[in-house]
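Residue numbering for the sequence shown follows the UniProt record's numbering, starting at 11 and increasing by one per position. Glycine included, every Cβ here is placed at the ideal spot set by N, Cα and C. Take a look at the structure set out below.
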Amino acid sequence: RNLKKYFPVKGGVLQRTIGHVKAVDDVSFDLYEGETLGIVGESGSGKSTLGRTLLRLLDPTDGQIIFQGNDISKLSNRKMRPIRKDMQMVFQDPFASLNPRMSVGEIIEEPMLVQRTLTRKERKDKVIDLLEKVGLSPEARTKYPHEFSGGQRQRIGIARALTMNPKFIIGDEPVSALDVSVQSQVLNLMEDLQDDFNLTYLFIAHDLGVVKHISDRVGVMYLGKLAEIGPKHKIYDNPLHPYTQALLSSVPVPDVERKREKIKLQGELPSPSNPPKGCVFHTRCPEAHERCRVEIPELIHQGEEQYVACHLYTSESDI
Ligand code: SF4
Ligand code: MG
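In structure tokens form, the structure reads like this:
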């Protein structure tokens, strides 16, 4: 609810704070149990910061994070500890996120050691079970991350995320670093695991193509703001926000009939430390008008579960 994460910008000889990067700026949405919500945006849109803040890997600047009915936005580390096992992250680069000096068995077992509830034998059985669930052989236990391909390493990262039976997993571009041929295998695996483990997913990606299959709903971020969010079929078949429309026009569609005119955005992504006034998208929006330069559009309901932040859908009387 109204989540904000600002990073200070230092400058001058004294390295004083001279401004802020509003990486996440007043973002509100719901995440339903058992669903997959895709969050899409260019680099610099704040999507990874949003994910890290939701898991309290970063402290929010303002706003609330309500997880299973509890506001966790200000909990101390000690109070967060029992909650942390319920929320896990699968990272973009499976090589950087796996300790190269630990065997795969040790990597997957590590979170269980912290909890100290299982015997050695139970931990070993659990590691073997998890390896099988992610499609790796039990022998993988004794090997090291460098002995595996990128796709296999991501399977190891997923197994580790599942060790403590989490309820909620954030995938921060978990397939972006993988070959296209391997991407769908890992996505399919994550879908199967979602059913087996009753998981809720927030799935971060930089284009709408990657999350299309896996998502139930999709949210689009631009410069720290949520531009639009809605059920998958609405976002792909009836996108309302000009930015969603532009993003979608660059996703290749095999279906010739539905081929869209490619919308070319003007200019570059503005600096997040100096975002445009009014609608943050107005410097690149083909539909921008006077009001967009001065007034920030609120996220408003547009039928079913679709919400959009754009003045094309508000009347002056809404102010
Ligand atoms: Fe474009 Fe204006 Fe809508 Fe922003 S509010 S997306 S600038 S039309
Ligand atoms: Mg699903």
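Check                                                                                                                                                                           : Outcome
Which residue from Ser-86, Glu-119, Val-124 and Leu-141 puts its Cα closest to that of Lys-131?                                                                                 : Glu-119
Using a beta-carbon distance below 7 Å, is Val-31 in contact with chain B?                                                                                                      : Note that chain B does not occur in the displayed structure, where there is just one protein chain.
Quick one: complete alpha helix (DSSP H) runs, 4+ long, within the region 26-85?                                                                                                : 57-64
My parser needs the beta strand (DSSP E) runs of 3 or more residues fully inside the region 234-321; what are they?                                                             : 235-241
I need the straight-line Cα distance from Pro-241 to Leu-47, nearest angstrom please.                                                                                           : 9 Å
Take His-311 and list the residues in its own chain whose beta-carbon comes closer than 7 Å to its own, dropping the five residues that flank it on each side.                  : Tyr-317
Cβ-heavy atom distance between Ala-298 and the ligand SF4 below 6 Å?                                                                                                            : yes
Quickly, what does DSSP pair Leu-13 with across the bridge? List them, please.                                                                                                  : Val-37
Does the beta-carbon of Lys-15 have 16 or more other beta-carbons within 10 angstroms, so that it is buried, or is it exposed?                                                  : buried
Within 8 Å, do at least three Cβ pairs link the region 214-224 to the region 269-280?                                                                                           : no
Could you compute how far the alpha carbon of Pro-285 sits from the alpha carbon of Pro-249?                                                                                    : 24 Å
Taking 6 Å as the cut-off, does the CB of Pro-121 come closer than this to any heavy atom belonging to the ligand SF4?                                                          : no
Once DSSP output is grouped into helix, strand and coil, what is the label at Ile-329?                                                                                          : Any reading at Ile-329 needs caution, since the residue's pLDDT is 48, under 50, leaving its predicted position unreliable; the model's value is listed next. DSSP places Ile-329 in coil when its eight states are reduced to three.
Please look up how many angstroms separate the CB atoms of Ala-105 and Pro-155, rounded, as I've assumed it's under 8 Å.                                                        : Note that residue 105 is Phe in the sequence shown here, rather than Ala. Right, their Cβ atoms sit about 7 Å apart.
Is the beta carbon of His-292 within less than 6 Å of some heavy atom of the ligand SF4?                                                                                        : yes
Taking all protein chains shown into account, do 16 or more other C-beta atoms lie within 10 angstroms of the C-beta of Asp-182, making it buried, or fewer, making it exposed? : buried
Give a single yes or no on whether His-321 has its beta carbon closer than 6 Å to a heavy atom of the ligand SF4.                                                               : yes
State the DSSP-derived secondary structure class of Tyr-211, mapped to helix, strand or coil.                                                                                   : strand
Under 6 Å from any heavy atom of the ligand SF4, does the C-beta of Pro-307 make it?                                                                                            : yes
Lys-95 and Pro-176 look like a contact to me (Cβ under 8 Å); what is the Cβ gap, rounded to whole Å?                                                                            : 6 Å
Mind checking whether the beta-carbon of Pro-286 lies closer than 6 Å to any heavy atom of the ligand SF4?                                                                      : no
Closer than 8 Å by C-beta to Tyr-232: which residues in its own chain qualify, once you throw out the five before and the five after it? Chain order, please.                   : Gly-51, Glu-52, Ser-55, Tyr-253, Val-290 and Phe-291
Could you tell me how far apart the beta carbons of Glu-314 and Lys-244 are, in whole angstroms, since I believe they sit closer than 8 Å?                                      : 6 Å
Fully enclosed by the region 101-131, which beta strand (DSSP E) runs are 3 residues long or longer?                                                                            : none
Which residue wins for smallest C-alpha separation from residue 8, given the options Met-99, Thr-127, Val-124 and Asn-198?                                                      : Because residue 8 is not part of the residues shown, which for the chain are 11 to 329, the question remains open.
Below 8 Å on the Cβ atoms is my guess for Arg-294 versus Leu-275; work out the distance and round it to an integer in Å.                                                        : 5 Å
In angstroms with no decimal places, state the Cα-to-Cα distance between Leu-65 and Val-228.                                                                                    : 19 Å
Where does Asp-182 sit, in a helix, a strand or coil, going by DSSP?                                                                                                            : strand
In chain order, what residues of the same chain lie with their CB nearer than 6 Å to the CB of Lys-235, ignoring the 5 residues before and after it?                            : Asp-35 and Val-290
Can you give me the C-alpha to C-alpha distance between Val-221 and Leu-212, rounded to a whole angstrom?                                                                       : 10 Å
In chain order, what residues of the same chain lie with their CB nearer than 6 Å to the CB of Arg-62, ignoring the 5 residues before and after it?                             : Leu-68
Between which two residues does the alpha helix (DSSP H) harbouring Arg-163 extend?                                                                                             : 160-172
Is Pro-252 a contact residue of the ligand SF4, with contact defined as CB to any heavy atom under 6 Å?                                                                         : yes
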